[in-house]
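In my numbering, the protein residues as written are 33 to 223.
The C-beta atom is built at its ideal place from N, Cα and C for all residues, glycine as well.
This structure is a prediction, so every number in the text was calculated from the model and none was measured.
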């Protein structure tokens, strides 16, 4: 009888531990497995460009992604607070929980147009392009100023305009001989 009692105690002891381990394992898997499964789930990165930054963050969150503003840039074309770039790009398949880095527009930044009147045309063009302006040139025929120098500009020097705007440089150009003297009579100018 002593042996039977020992065997029963052993079986009861083992049974209790089996039940305890079962519940511990079940609880652990109930917590751990969803985390493990979520870790391996994938999603497609949505197109966030052209959205307001807050809306872009909400759309990313709906897809299981985290969106953060990485950089801000001035832009003539996009209002301030608009997403102008993203990494990874739209359509990329990534793991849920991944961070999407956003480039957001600061809007148009203004800059003062420098006074370049009297400067050599090529130097004036370089100066304007170096500070972010686009340049157009127009010749003005004059005999008062050596050719290739800026005579006037538009917008006027000192004006505050958005970076990327076009500045027109009017530069001196020699009168062509044909304008000064006309075409020679009696000569055929066609070839």
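- Membership of residue 87 in the alpha helix (DSSP H) is indicated by the continuous run 85-94.
- The Cβ atoms of residue 168 and residue 198 lie closer than 8 Å to each other.
- Between the stretch 94-110 and the stretch 130-148, the count of C-beta pairs closer than 8 Å reaches three or more; the two stretches touch.
- By the neighbour-count criterion, in which 16 or more other beta carbons inside 10 Å mark a residue as buried, residue 59 falls on the exposed side.
- A Cβ-Cβ distance of about 20 Å is found for the pair residue 92 and residue 111, leaving them out of contact under the 8 Å criterion.
- Counting only unbroken stretches of 3 or more residues, the beta strand (DSSP E) elements lying wholly within the stretch 74-154 are 74-76, 98-106, 115-119, 125-127, 131-139, 142-144, in sequence order.
- Rounded to the nearest whole angstrom, the CA to CA distance from residue 148 to residue 118 is 38 Å.
- Annotation for residue 163: no beta strand (DSSP E) segment contains it, and DSSP assigns it neither H nor E.
- Residue 108 and residue 121 have their C-alpha atoms some 22 Å from each other.
- With a beta-carbon spacing of about 42 Å, residue 137 and residue 174 fall beyond the 8 Å limit used to define contacts.
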